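Enquirer: Every position in the sequence shown, counted from 1, becomes a number in the numbering used here once 55 is added.
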Amino acid sequence: MKKNSIKKASLILSISCMLFITGCTTNANKPNDNKASTQLDNIEKKIVNEEAENTKKSNENDVSDKSAKTEVSKEKENVAPVANKEISIYTFNDVSLEIEPAIALVPEETELTPELVVDMVVDSFADRSLTVGIDEILVEKDTVIVSFLSNQAPLVNVESSLESTILDAIAQSIIENFPQYPKVIYRVEGKKYISKNYKFGIDEVYLEGNSKKQH
Numbered sequence: 056m057k058k059n060s061i062k063k064a065s066l067i068l069s070i071s072c073m074l075f076i077t078g079c080t081t082n083a084n085k086p087n088d089n090k091a092s093t094q095l096d097n098i099e100k101k102i103v104n105e106e107a108e109n110t111k112k113s114n115e116n117d118v119s120d121k122s123a124k125t126e127v128s129k130e131k132e133n134v135a136p137v138a139n140k141e142i143s144i145y146t147f148n149d150v151s152l153e154i155e156p157a158i159a160l161v162p163e164e165t166e167l168t169p170e171l172v173v174d175m176v177v178d179s180f181a182d183r184s185l186t187v188g189i190d191e192i193l194v195e196k197d198t199v200i201v202s203f204l205s206n207q208a209p210l211v212n213v214e215s216s217l218e219s220t221i222l223d224a225i226a227q228s229i230i231e232n233f234p235q236y237p238k239v240i241y242r243v244e245g246k247k248y249i250s251k252n253y254k255f256g257i258d259e260v261y262l263e264g265n266s267k268k269q270h
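Written as structure tokens, this is what we have:
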């Protein structure tokens, strides 16, 4: 708008100067005064019309922007927060290194599986700066088989007490969330579980119900 006003003023000033100079010559040039005046009126009308058109477009854009923002706001209001459900798992105390209960949250519609529960337990270990390597998780009849990677905890870089805590936390988390799977077997990359602290047969049950095998 300011730019158009400056343009209008410049044009008016230029034409006024031209008329002033023309008027100072001879009376023979007087018919040109009326012509110049008409041109000036036409230019003024054109500028006024342009300003009105620009104002109209600007108002239309403002209305469109406000309408779009209102629609986005309504969409946000209509989006319901995701409902979560609590899953009871076990982890370890990062001071005493003993097993302790914990709560994990998952979306309410998420299907609970042994693999998901183990992932949540492993994530809780990671929150305590401990990386546990999972090779694979298998379900056979009433048994869950957890196979670990040989180059990560609980096979390496942990003492026997923390190794036992890791195994207990995973096994109890599985059994308490899945009554249909009362047995847990541990392996290392599909073979027997052998560490510097423990040795289990390839099909040896580590935890059955709430009864832990003594080793």
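Where a beta carbon is used, it is the ideal one built from N, C-alpha and C, also for glycine.
Computed from a predicted model, the values in this text were never measured in an experiment.
Tell me which residues share the same chain as Pro162 and place their Cβ nearer than 8 Å to its Cβ, disregarding the 5 neighbours each side in the sequence.
Expert: Excluding residues within five positions, the ones whose Cβ falls inside 8 Å are Val137, Ala138, Asn139 and Lys140.
Enquirer: Quick one: Cα of Thr186 to Cα of Ser179, how far?
Expert: If you take the alpha carbons of Thr186 and Ser179, they lie about 10 Å apart.
Enquirer: Here's the rule I'm using: 16 or more other beta-carbon atoms within 10 Å means buried, otherwise exposed. How should Ala208 be labelled?
Expert: By the 10 Å Cβ count, Ala208 comes out buried.
Enquirer: Please state whether DSSP places Leu262 in a helix, a strand or coil.
Expert: Three-state DSSP puts Leu262 in a strand.
Enquirer: Identify the continuous beta strand (DSSP E) that holds Thr220 and give its terminal residues.
Expert: Counting along the chain, Thr220 falls outside any beta strand (DSSP E), though it belongs to the alpha helix (DSSP H) covering Ser215 to Asn232.
Enquirer: If contact is defined by three or more beta carbon pairs under 8 Å, each pair taking one atom from either stretch, is the segment 147-167 in contact with the segment 191-211?
Expert: Output reads no: the segment 147-167 does not touch the segment 191-211.
Enquirer: By the 10 Å Cβ neighbour count, where 16 or more other Cβ atoms means buried, how is Pro156 classified, buried or exposed?
Expert: It is exposed - the Cβ of Pro156 has fewer than 16 other Cβ atoms within 10 Å.
Enquirer: Tell me where the beta strand (DSSP E) around Val194 begins and ends.
Expert: Note, Val194: beta strand (DSSP E), Ile189 to Glu195.
Enquirer: So, Leu262 versus Ala224, is the Cβ gap smaller than 7 Å?
Expert: Taking 7 Å as the Cβ cut-off, Leu262 and Ala224 do not qualify as a contacting pair.
Enquirer: Once DSSP output is grouped into helix, strand and coil, what is the label at Ser143?
Expert: Looking at Ser143 - three-state DSSP - the assignment turns out to be strand.
Enquirer: Less than 7 Å between C-beta atoms, sequence neighbours within five positions excluded: which residues of the same chain meet that for Phe233?
Expert: For Phe233, where only same-chain residues beyond five positions count, the Cβ hits under 7 Å are Pro169.
Enquirer: Residues in its own chain within less than 7 Å of Arg242 by CB, not counting five upstream and five downstream?
Expert: Cβ neighbours of Arg242 beyond the five flanking positions: Ile200, Ser202, Tyr248 and Ile257.
Enquirer: If you count every other CB in all the chains shown that lies within 10 Å of the CB of Glu218, and 16 or more means buried, which is it?
Expert: Glu218 comes out buried.
Enquirer: Return helix, strand or coil for Leu171, following the three-state DSSP convention.
Expert: Here Leu171 sits in helix by DSSP.
Enquirer: Just verifying my parser: in three-state terms, what is the DSSP assignment at Ala157?
Expert: DSSP places Ala157 in strand when its eight states are reduced to three.
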